[in-house]
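Student:
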Amino acid sequence: MAKLDFHSSQRGRRQRRAQSLWNRRARWGIFLQPRDEKRQVNFGIHKGQPAWQDVPGEYRSILRRIIVTQGDTEPASVEQQKMLGLSCPSLYDLRNIFQVNVEEGRHLWAMVYLLHRYFGRDGREEAESLLARRSGDTDNPRILGAFNEPTPDWLAFYMFTFFTDRDGKFQLCALAESGFDPLARTCRFMLTEEAHHMFVGESGVSRIIQRTCEVMKENKVDAPSDVRALGVIDLQTIQRYLNFHYSVTLDLYGSDVSSNAANYYTSGLKGRFRETKLEDDHTLRDAMYPVSEVVGDKINTKQVPALTALNERLRDDYIEEIQAGVDRWQRVIDEAGIPFRLTLPHKGFHREIGNFAGHFISTTGEILTEEQWRSHEFEWLPSPKDYSYVQSLMSGRVAELGKFANWIAPPVKGVNGKPLDFQYVRFN
Ligand code: BYC
């Protein structure tokens, strides 16, 4: 008996050691794209020097700040979405939100890896703080605005993954250009997973639009109250959700004119979207870029040094891609023959960061008084009634094989070649 215990405890020790080695490798090993030995800093004042494999001392604190800001968004999104499984419209959608959440967790881990591996004690402390902050917490909220907004229903979830995860894509692309090679390599790894999140968002909204259009056509109705009476989400409400998620996501790019952004670029830490594909001097010493500002009752455009306008430039790159996605949603409506246009609101609408902050701008770009703006607020943004209507559709999860909630069309195909009635999630 004693012998047996001895052997089993030895085996146990061996197993534990092997497990711990595996854990260590699995914990950190998966976060980096392979290293390119010849990689250089490709922009800013260090352009042409070998990419840094360690944190450059003079940039330690700004680099840490960028990594912390990026890392903070990842658990935030899971906190925002964590209750949605209870009201999933199908097992297919439940599976997808699980994948999104697991990958966001992994992206947090990737940033924590950088903090632990390269920043010593203060990195570890920052990593702890990432676990302490909570989305929407009044005392200890997440760093960036959009990550403190609730995601109360699946329409909000799909909008979030379409709009806000795409900010993730653009920010990660800019950081993937970093002269700090471990950050660039981690971001390239994270980008491979981001595409699926945006697919979930775009196809999710598209399926909601499709279902609404089908029901409108079948029943020959178009007034929002008639559409709602049939248990689907009216296009006007979809437009208001779009306005909300687009505008809060535009804020995530920071101020239009930002000395932080200029410093990040000049020091080689954060580049532009597709930096190495752009054909210019990659230092932006003499370049200018247009930004908008509110002067009296007008929105003017002025040229500012391009270095200070890098947030605005990234925001513009983002808007271009967003517009293409909205055009694809529009096609679903057009193909159904319904005379309704989904539009992106004006860039200045409902903004809290940058030159438009503090102004009351309509969806079409008129400058209004606060009173005028408030009198239209719920034509443009979801009202409490809109939220409660959408919430009323989220009563309970749809978990039967191959079934979908009434308010959303099934996807065109299942995941990895599996049929739509595949058991994507099992409840034990
Ligand atoms: N809310 O010069 P400014 C993702 C702060 S999403 C609150 O305007 P800067 C994901 C700013 O922190 C991608 N505060 O801006 C998506 C600064 O504060 P301090 C996340 C804001 O620094 C879905 C002050 O205002 N990654 O991955 O040039 C699911 C003045 O700053 C906001 C990144 O953002 C805001 N919206 O640029 C999961 C990349 N905007 O320091 C994940 C890393 C600005 O003066 N972050 N402030 O107290 C950055 O590159 C920059 O920090 C920002 C801001 C672009 C965010």
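Under my numbering, the very last position in the sequence shown is 428; numbers go up by exactly one each time. Backbone N, C-alpha and C fix where the C-beta goes; we use that ideal spot for every residue, glycine too.
1. Cutting at 7 Å between CB atoms, please list the residues of its own chain near Phe244, excluding the five before and the five after it.
2. Any chance the CB of Leu252 is under 7 Å from a heavy atom of the ligand BYC?
3. Which residues bound the alpha helix (DSSP H) around Asn300?
4. Relative to the alpha-carbon of Leu235, which residue among Leu310, Pro56, Arg207 and Val248 has its alpha-carbon at the smallest distance?
5. If you check the beta carbons only, do Ile62 and Met111 fall under 8 Å apart?
6. Suppose the cutoff is 7 Å on Cβ atoms and the five residues either side in sequence are ignored; what does the same chain contact list for Glu293 look like?
7. Between Lys270 and the ligand BYC, is the CB less than 7 Å from at least one heavy atom?
8. Going by Cα to Cα distance, which pick from Asp167, Trp329 and Ser395 is closest to Asp251?
9. Report the rounded CA-to-CA distance for Gln53 versus Gly268, giving the unit in angstroms.
10. Considering only the alpha carbon of each residue, which of Gly120, Asn416, Leu130 and Gly44 lies closest to Asp281?
11. Compute the beta-carbon to beta-carbon distance between Gln330 and Arg341, rounded to the nearest angstrom, for a pair I have assumed lies under 8 Å.
12. Using only the alpha-carbon positions, how far apart do Trp28 and Glu103 sit?
13. For Gly48, tell me which candidate among Lys38, Arg121 and Val55 has the shortest Cα-Cα distance.
14. Once you ignore the five residues that flank Gly145 on each side, which residues in its own chain have a CB closer than 8 Å to its CB?
15. What ranges does the alpha helix (DSSP H) occupy inside the segment 87-165, keeping only unbroken runs of at least 4 residues that lie completely in it?
16. Quick one: grab the DSSP three-state call for Met83.
17. Please tell me whether, using a cut-off of 7 Å, the distance from the CB of Asp137 to the nearest non-hydrogen atom of the ligand BYC is below it.
18. Report the rounded CA-to-CA distance for Ile238 versus Arg285, giving the unit in angstroms.
19. Going by the CB atoms, is the gap between Leu307 and Tyr265 shorter than 8 Å?
20. Assign Ile333 to one of three DSSP states: helix, strand, or coil.
21. Consider the C-beta atom of Ile322 and the heavy atoms of the ligand BYC; say whether any pair is separated by less than 7 Å.
22. For Thr73, does the count of other Cβ atoms within 10 angstroms reach 16, so buried, or fall short, so exposed?
23. For Gln40, name the three-state secondary structure that DSSP assigns.
24. In the structure shown, what three-state DSSP assignment does Pro50 receive?
25. Are there three or more Cβ pairs, one per stretch, closer than 8 Å when the segment 193-206 is compared with the segment 159-173?
26. Excluding the five sequence neighbours on either side, which residues of its own chain have a C-beta within less than 8 Å of the C-beta of Leu314, listed in chain order?
27. Can you find at least 3 beta carbon pairs, one from the segment 211-229 and one from the segment 85-93, that sit closer than 8 Å?
28. Going by beta carbon distance, what residues of the same chain come within less than 8 Å of Met159, once the five residues before and after it are set aside?
29. In whole angstroms, what is the alpha-carbon distance linking Phe349 and Val295?
30. Within a Cβ cutoff of 8 Å, which residues of the same chain sit near Asp122, ignoring the five residues on either side of it in sequence?
31. Any idea which residues DSSP pairs Leu368 with across the strands?
32. Using DSSP's beta-bridge definition, name the partner residues of Met288.
33. By DSSP, does Val55 sit in helix, in strand, or in coil?
34. To which residues of the same chain is Tyr424 closer than 6 Å at the C-beta, ignoring the five residues directly before and after it?
Tutor: Taking the geometry as given:
1. The residue labelled residue 244 in the question sits at position 244 within the sequence shown. Closer than 7 Å at the Cβ level, and outside the excluded window around Phe244, lie Leu381 and Pro382.
2. Here residue 252 refers to the residue found at position 252 of the sequence shown. Yes, the beta carbon of Leu252 sits closer than 7 Å to at least one heavy atom of the ligand BYC.
3. Mapped onto the sequence shown, residue 300 falls at position 300. Element bounds for Asn300: not the alpha helix (DSSP H) but the beta strand (DSSP E), Lys298 to Pro305.
4. Here the question's residue 235 lines up with position 235 in the sequence shown. Checking every option, the nearest Cα to that of Leu235 belongs to Arg207.
5. Numbered from its first residue, the sequence shown carries residue 62 at position 62. Numbered from its first residue, the sequence shown carries residue 111 at position 111. No. Outside cutoff.
6. For the purposes of this step, residue 293 is taken as the residue at position 293 of the sequence shown. Hits under 7 Å: Asn300, Lys302 and Asn355.
7. Mapped onto the sequence shown, residue 270 falls at position 270. Yes.
8. Here residue 251 refers to the residue found at position 251 when the sequence shown is read from its first residue. Here the closest residue by C-alpha is Asp167.
9. One-based indexing of the sequence shown puts residue 53 at position 53. One-based indexing of the sequence shown puts residue 268 at position 268. Cα to Cα, Gln53 sits roughly 13 Å from Gly268.
10. If you number the sequence shown from 1, residue 281 lands on position 281. Selected option, being the one with the closest Cα: Gly44.
11. In the sequence shown, the residue the question calls residue 330 occupies position 330. In the sequence shown, the residue the question calls residue 341 occupies position 341. Between Arg341 and Gln330 the Cβ distance is about 7 Å, and since that is below 8 Å, they are a contact.
12. Within the sequence shown, the letter at position 28 stands for residue 28. Within the sequence shown, the letter at position 103 stands for residue 103. Reliability of the predicted coordinates at Trp28 is poor, the pLDDT of 49 falling under 50, and the value obtained from them is presented with this limitation in mind. The straight-line gap from Cα to Cα measures roughly 15 Å.
13. What you label residue 48 is simply residue 48 of the sequence shown in a count that begins at 1. By alpha-carbon distance to Gly48, the top candidate from Lys38, Arg121 and Val55 is Lys38.
14. Counting from 1 along the sequence shown, the entry for residue 145 is found at position 145. So the qualifying residues of the chain are Val248, Asp251, Leu252, Glu352 and Ile353.
15. 91-132
16. As a position in the sequence shown, residue 83 is number 83, starting the count at 1. Met83 falls in the coil class under three-state DSSP.
17. As a working mapping, residue 137 is identified with position 137 in the sequence shown. For the ligand BYC, not one heavy atom lies less than 7 Å from the Cβ of Asp137.
18. Residue numbering aside, residue 238 sits at position 238 when the sequence shown is read from its first letter. Residue numbering aside, residue 285 sits at position 285 when the sequence shown is read from its first letter. Distance between the alpha carbons of Ile238 and Arg285 is about 43 Å.
19. Locating residue 265 in the sequence shown gives position 265, counting from the first residue. Locating residue 307 in the sequence shown gives position 307, counting from the first residue. Their beta carbons are under 8 Å apart, which means Tyr265 touches Leu307 by this criterion.
20. Here the question's residue 333 lines up with position 333 in the sequence shown. Of the three classes helix, strand and coil, the one that applies to Ile333 here is helix, per DSSP.
21. The count along the sequence shown starts at 1 and reaches residue 322 at position 322. For the ligand BYC, not one heavy atom lies less than 7 Å from the Cβ of Ile322.
22. One-based indexing of the sequence shown puts residue 73 at position 73. Burial call: buried.
23. As a position in the sequence shown, residue 40 is number 40, starting the count at 1. Note: Gln40 maps to strand in three-state DSSP.
24. Your numbering for residue 50 matches position 50 in the sequence shown. Correct three-state label for Pro50: strand.
25. yes
26. Numbered from its first residue, the sequence shown carries residue 314 at position 314. Phe170, Gln171, Ala174, Tyr253, Arg272 and Phe273, listed in sequence order.
27. no
28. Reading the sequence shown from its first residue, position 159 is the one you call residue 159. So the qualifying residues of the chain are Gly201, Val205, Tyr241, Leu242, Phe244 and His245.
29. As a position in the sequence shown, residue 349 is number 349, starting the count at 1. As a position in the sequence shown, residue 295 is number 295, starting the count at 1. Approximately 16 Å between the Cα atoms of the pair.
30. By one-based count along the sequence shown, residue 122 stands at place 122. Excluding positions up to five away in sequence, the list reads Arg64.
31. Sequence index remark: in the sequence shown, residue 368 carries index 368 (1-based). Partner(s): Phe360.
32. Locating residue 288 in the sequence shown gives position 288, where the first residue counts as 1. According to DSSP, Met288 bridges with Pro305.
33. The residue labelled residue 55 in the question sits at position 55 within the sequence shown. Taken through DSSP and simplified to helix, strand or coil, Val55 comes out as coil.
34. Here the question's residue 424 lines up with position 424 in the sequence shown. Counting only Cβ-Cβ distances below 6 Å, and skipping sequence neighbours, we find Leu91, Tyr92 and Arg95.
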